[in-house]
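Trainee: I have a structure I would like to understand better, so I am pasting it below and will then ask my questions one at a time.
Protein chains: 2
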Amino acid sequence: MAAPPHPASGPRPARELTCRLDVGGVPVGGGAPVAVQSMLSLPTADTEGCLAAISELAAAGCEIIRVAVPDAASLPSFEAICASSCLPVVADIHFDHRLAIEACRRGAAKLRINPGTIGSMAKVDAVIEECGSRGIPVRIGVNAGSLHADYVDRTDLTLPESLAASAEAFVAHFHERGFDQLVLSAKAHSVRATVAAYRLLAARLPNVPLHLGVTEAGTLMQGTVKSALGIGTLLLEGIGDTFRVSLTAPPQDEVSVAWQVLAAAGLRRRGPELVSCPTCGRCQVDLERIASEVEQRLHAVSEPLTVAVMGCAVNGPGEARGADVGVACGRGKGVVFSGGKILYTVDEAMIADALLDEIERRTPSDGANVSVVS
Amino acid sequence: MAAPPHPASGPRPARELTCRLDVGGVPVGGGAPVAVQSMLSLPTADTEGCLAAISELAAAGCEIIRVAVPDAASLPSFEAICASSCLPVVADIHFDHRLAIEACRRGAAKLRINPGTIGSMAKVDAVIEECGSRGIPVRIGVNAGSLHADYVDRTDLTLPESLAASAEAFVAHFHERGFDQLVLSAKAHSVRATVAAYRLLAARLPNVPLHLGVTEAGTLMQGTVKSALGIGTLLLEGIGDTFRVSLTAPPQDEVSVAWQVLAAAGLRRRGPELVSCPTCGRCQVDLERIASEVEQRLHAVSEPLTVAVMGCAVNGPGEARGADVGVACGRGKGVVFSGGKILYTVDEAMIADALLDEIERRTPSDGANVSVVS
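Here you go:
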């Protein structure tokens, strides 16, 4: 098997300097693997639907799940979800601190609040007391769309500065009350503003784990581009302990894109990576079809292999040789490589079968369904 | 209309320091707008198909198109394409320097060669002479999959160092012959390696315009994640004068993703930006459906407006107020905003219509079909 393709280098990343938290058994911060989060789009009242979605998301690689608790009527079903969930459940609370306190009592592994929407710092203090006594961590999540009133009209500050300053003030408030089980987020829908805000937080509060995200990033494609750029840029810089890709799309897509961002940033891998060329007038097979078929069939493969599907003689042999398993195509045929060596030539129609056969030969059938690098 | 959401700040970007080239009328480098490229996947023999694809890609925002010229039989149809193309055509040449020379004579606006695949530097010199006499710029494109033989076994260099050193050596060769109409690319399928290689090039050859790309990035979603992260990270740093998103998918997708990357990086915008939340248990409308409908209908809008489609009262009013036009939804209804002001409340079924009505009211019907910020 090929070595991880992206060896870390340079100074010690910021994420190794943050405190380590325990979110219902999942470590966050202090150099722990960057954890993948998502959020349910169903109301808690659909308890069975929520639990089924959590199982499906967990199977896709989600590690922490967030659930909105918008009102007191949601509390019993929230409690039932926490009791049966296979993932730690984060309660997302706004406007009413009593919901936050009740969510703690009913099984939340973490709270996410924006103290700016809670009404008063005295009410926030009641939440701090409850979480402190139960050892429940809190994410302070500030957001450009709900910036605290103290910062909305601060024309002397840029948006990133306002987001960071607001988050810092809340952290100071929690710290003064002896509470340090904190995660911070500072999201905007502008990628530049988001990246700048997190850089400020990483510099000013180096011990506080950061939850990354570009908020309201939009539908599948635009949201993927904005999230990959905003979250990925920070991850490449060593910033960020956990994150959520926010898409106006099913949460399964959020988790899938999240793992692709982790792989692209060279941090963690889940399953194979496909190296495939964009095709051009030089290509003499239907490469898009072959690559799509291989990609589909790779979903059943759990090993972090690199698989190259290449259309011609320009970069094909080099990439196929460098991959764990690969093919470099010519006119209606493909030369199959494994472990850097040429094996044989097959007709176009057999290329996907041949690659999957070779992958199977290289993969120990140990029944593991998740493989992660680093 | 809102101001561009991502004002540039910090030191002067690297792309302002590069030489300015003219690629068939499209300026590249020297601070020109970062140009969007794509590449045809059809053989030149399908001349009509190629010309139709070029027109379609141009309408989608492609500014420079690349065409593979794999053999002498392709030259007459390549010439016909150059003669009728609405975009400057770049000839992509490997292995045979005579094809490069002929492509110049037949209308190429630029050449893309990897001198490492041309066979000998004497053959490269013949290409340099032809391009020099005709004033045709050349992209030197080195690629991890076809690294020059001098660097393949250089275990003392990392891959980014090898890519950069190989590119530098080629640039020196061209410069010694008095040729400086160069663009450089150094692509790998690893995002980290690609970013590192381009940073080295920007530092070592600050005057040479850079063509960015993550090569063989894979199919639509993985390729989009890797391209957004690799290309976008460099663009955010001020590096990169032109780029291509390489996807194992139709070139139309490459162009669409390219513009989304430019918008996310805050550099250029084409049409509206949709700010839409990921929905959660708090949302009491079918926001995914509304956002999809609005997104579809925004394709007909050319102005660089920001449109917010938000599901609840947490960030909804803030984002809807901050957008040019927006909606903050509640139970089965939406409050419509325009220019920061609340206009009226409509039923869920009428939200998309209301937003599009307000967008039309704000948009001068000047018939322009491309709007670009910066």
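Listed in order, the protein sequences are those of chains C and X. When we follow the working numbering, the leftmost residue of the first sequence carries the number 893, and every step to the right adds one. When we follow the working numbering, the leftmost residue of the second sequence carries the number 893, and every step to the right adds one. Ideal Cβ positions, reconstructed from N, Cα and C, are used throughout, including at glycine.
So is X/K1118 in contact with chain C if we call contact Cβ pairs under 9 Å?
Mentor: Within the second sequence, residue 1118 of chain X is the residue found at index 226, counting from 1. Yes, X/K1118 lies at the interface with chain C (some Cβ there is under 9 Å from its Cβ).
Trainee: Tell me, please, whether the CB atom of C/H989 is closer than 9 Å to any CB atom in chain X?
Mentor: Residue numbering aside, residue 989 of chain C sits at position 97 when the first sequence is read from its first letter. Output row for C/H989: interface = no.
Trainee: Using the Cα positions of X/F970 and X/C942, report the straight-line distance between them to the nearest angstrom.
Mentor: Indexing the second sequence from 1 puts residue 970 of chain X at position 78. Indexing the second sequence from 1 puts residue 942 of chain X at position 50. Using only the alpha carbons, I get a separation of about 10 Å.
Trainee: In chain C, what lies closer than 9 Å to X/L1128 by C-beta?
Mentor: As a working note, residue 1128 of chain X is residue 236 in the second sequence. The contacting residues are V1083, R1084, V1087, L1121, T1125.
Trainee: Buried or exposed: C/A1241, going by 16 or more other Cβ atoms within 10 Å of its Cβ?
Mentor: Counting from 1 along the first sequence, the entry for residue 1241 of chain C is found at position 349. Classification for C/A1241: exposed.
Trainee: Report all residues from its chain with a CB closer than 6 Å to the CB of C/V984; omit the five preceding and five following residues, and keep chain order.
Mentor: One-based indexing of the first sequence puts residue 984 of chain C at position 92. The displayed chain sequence assigns Asp, not Val, to residue 984 of chain C. Cβ within range, chain order: R958, A960, R1004.
Trainee: Looking at the secondary structure, which residues open and close the beta strand (DSSP E) in which C/I1234 lies?
Mentor: As a first step, residue 1234 of chain C must be located in the first sequence, where it is residue number 342. Its beta strand (DSSP E) spans residues 1233-1239.
Trainee: Less than 6 Å between C-beta atoms, sequence neighbours within five positions excluded: which residues of the same chain meet that for C/S1230?
Mentor: Numbered from 1 along the first sequence, position 338 holds the residue referred to as residue 1230 of chain C. Contacts found: V1217, E1250.
Trainee: Which of the three DSSP states, helix, strand or coil, is assigned to C/D1133?
Mentor: The sequence position of residue 1133 of chain C within the first sequence is 241, counting from 1. Note: C/D1133 maps to coil in three-state DSSP.
Trainee: Listing by chain order, which chain C residues have their CB less than 7 Å from the CB of X/V959?
Mentor: Taking the first residue of the second sequence as position 1, residue 959 of chain X is located at position 67. What X/V959 touches in chain C: G1173.
Trainee: Could you pull out every unbroken beta strand (DSSP E) segment of at least 3 residues lying fully inside the stretch 894-941 of chain X, listed in chain order?
Mentor: 913-915, 918-920, 927-931
Trainee: Strictly below 7 Å CB to CB, what residues from chain X border C/T936?
Mentor: On the first sequence, residue 936 of chain C is found 44 positions in, with the first residue counted as 1. Ordered by position in chain X, the residues that pass the 7 Å Cβ test against C/T936 are G1173.
Trainee: Of all the CB atoms in chain X, is at least one closer than 9 Å to the CB of C/M931?
Mentor: Within the first sequence, numbered from 1, the residue matching residue 931 of chain C stands at position 39. Yes, contact with chain X.
Trainee: Give a yes or no on whether the minimum CB-CB distance between C/H898 and chain X is below 9 Å.
Mentor: Sequence index remark: in the first sequence, residue 898 of chain C carries index 6 (1-based). Per-residue confidence for C/H898 stands at a pLDDT of 39, beneath the threshold of 50, marking its modelled position as unreliable; no derived number is given.
Trainee: Quickly, what does DSSP pair C/G1218 with across the bridge? List them, please.
Mentor: What you label residue 1218 of chain C is simply residue 326 of the first sequence in a count that begins at 1. Partner residues in the beta bridge of C/G1218, as assigned by DSSP, are C/A1200, C/F1229.
Trainee: Where does C/A983 sit, in a helix, a strand or coil, going by DSSP?
Mentor: Mapped onto the first sequence, residue 983 of chain C falls at position 91. In the three-state DSSP reduction, C/A983 falls in the strand class (E or B).
Trainee: State buried or exposed for C/G1027, treating a residue as buried only when at least 16 other CB atoms are found within 10 Å of its CB.
Mentor: Residue mapping note: residue 1027 of chain C aligns to position 135 of the first sequence, counting from 1. C/G1027 should be labelled exposed.
Trainee: Hey, X/A1141 and X/G1115 are a contact pair by Cβ (cut 8 Å); roughly how many whole angstroms apart?
Mentor: Your numbering for residue 1141 of chain X matches position 249 in the second sequence. Your numbering for residue 1115 of chain X matches position 223 in the second sequence. About 7 Å; that satisfies the 8 Å criterion.
Trainee: Count the CB pairs spanning the stretch 1087-1098 of chain C and the stretch 1058-1078 of chain C that are closer than 8 Å, and state whether there are at least three.
Mentor: yes
Trainee: Any Cβ of chain C within less than 9 Å of the Cβ of X/T1255?
Mentor: Counting from one through the second sequence, the residue named residue 1255 of chain X turns up at place 363. Taking Cβ atoms only, chain C never reaches closer than 9 Å to X/T1255, which makes this a no.
Trainee: Please report whether the beta-carbon of C/E1180 lies at a distance below 9 Å from any beta-carbon of chain X.
Mentor: On the first sequence, position 288 is the one that residue 1180 of chain C refers to. So, interface residue.
Trainee: If I'm right that X/R1161 touches C/P962 with Cβ under 8 Å, what's the distance once you round it to whole angstroms?
Mentor: Along the second sequence, read from residue 1 onward, the residue named residue 1161 of chain X stands at position 269. Along the first sequence, read from residue 1 onward, the residue named residue 962 of chain C stands at position 70. That pair is no contact at about 35 Å.
Trainee: My parser needs the alpha helix (DSSP H) runs of 4 or more residues fully inside the stretch 960-1025 of chain X; what are they?
Mentor: 967-976, 989-997
Trainee: Tell me which residues of the stretch 1104-1116 of chain C have at least one Cβ-Cβ distance to chain X shorter than 9 Å, keeping chain order.
Mentor: V1106, T1107, E1108, A1109, G1110, T1111, L1112, M1113, Q1114, G1115, T1116
Trainee: How would you label X/G1224, buried or exposed, when you count the other beta carbons within 10 angstroms and need 16 or more for buried?
Mentor: Mapped onto the second sequence, residue 1224 of chain X falls at position 332. Exposed, since its Cβ has fewer than 16 Cβ neighbours within 10 Å.
Trainee: Rounded to a whole number of angstroms, what is the C-alpha to C-alpha distance between C/T1255 and X/D1133?
Mentor: As a position in the first sequence, residue 1255 of chain C is number 363, starting the count at 1. As a position in the second sequence, residue 1133 of chain X is number 241, starting the count at 1. Rounded to whole angstroms, C/T1255 to X/D1133 spans 43 Å at the Cα level.
Trainee: For C/R1046, which residues of its own chain have a beta-carbon under 7 Å away from its beta-carbon, when the five flanking residues on both sides are left out?
Mentor: In the first sequence, the residue the question calls residue 1046 of chain C occupies position 154. Result list for C/R1046: S1054, in chain order.
Trainee: Figure out for me which residue from X/S1119, X/A965, X/Q1176, X/V1100 has the closest Cα to the Cα of X/D1072.
Mentor: As a first step, residue 1072 of chain X must be located in the second sequence, where it is residue number 180. In terms of CA proximity to X/D1072, X/V1100 leads the group X/S1119, X/A965, X/Q1176, X/V1100.
Trainee: Determine, for X/D984, whether the minimum Cβ-Cβ distance to residues of chain C falls below 9 Å.
Mentor: Translated into the one-based positions of the second sequence, residue 984 of chain X becomes position 92. It does: the Cβ of X/D984 has a partner Cβ on chain C nearer than 9 Å.
Trainee: Go ahead and label X/H986 buried or exposed: buried means 16 or more other beta carbons lie within 10 angstroms of its beta carbon, across all protein chains shown.
Mentor: In the second sequence, residue 986 of chain X corresponds to position 94, counting from 1. Counting Cβ neighbours within 10 Å, X/H986 comes out buried, since at least 16 surround it.
Trainee: Below 8 Å on the Cβ atoms is my contact criterion, and I expect X/I1123 with X/L1104 to pass it. Report the Cβ-Cβ distance as a whole number of Å.
Mentor: Locating residue 1123 of chain X in the second sequence gives position 231, counting from the first residue. Locating residue 1104 of chain X in the second sequence gives position 212, counting from the first residue. Contact holds; Cβ gap of about 5 Å.
Trainee: Would you decide whether C/G1070 is buried or exposed? Buried here means 16 or more other CB atoms lie within 10 Å of its CB.
Mentor: The count along the first sequence starts at 1 and reaches residue 1070 of chain C at position 178. With fewer than 16 Cβ atoms within 10 Å of its Cβ, C/G1070 is classed as exposed.
Trainee: Would X/V1007 count as contacting chain C if we go by Cβ distances under 9 Å?
Mentor: By 1-based counting over the second sequence, the position of residue 1007 of chain X is 115. Reading off the sequence, residue 1007 of chain X comes out as Pro, not Val. Chain C contact via Cβ: absent.
Trainee: Specify, as a first and last residue, the run of the beta strand (DSSP E) that X/G953 falls within.
Mentor: Sequence index remark: in the second sequence, residue 953 of chain X carries index 61 (1-based). Here X/G953 belongs to no beta strand (DSSP E), and DSSP marks it neither H nor E.
Trainee: How should C/D1042 be labelled, buried or exposed, when 16 other C-beta atoms within 10 angstroms of its C-beta is the threshold for buried?
Mentor: On the first sequence, residue 1042 of chain C is found 150 positions in, with the first residue counted as 1. If you draw a 10 Å sphere on the C-beta of C/D1042, you find fewer than 16 other C-beta atoms in it, and that means exposed.
Trainee: In terms of alpha-carbon separation, which member of X/K1233, X/T1125, X/D1239 lies closest to X/R1178?
Mentor: Residue mapping note: residue 1178 of chain X aligns to position 286 of the second sequence, counting from 1. The displayed chain sequence assigns Asp, not Arg, to residue 1178 of chain X. If we check each option's Cα against that of X/D1178, X/D1239 comes out closest.
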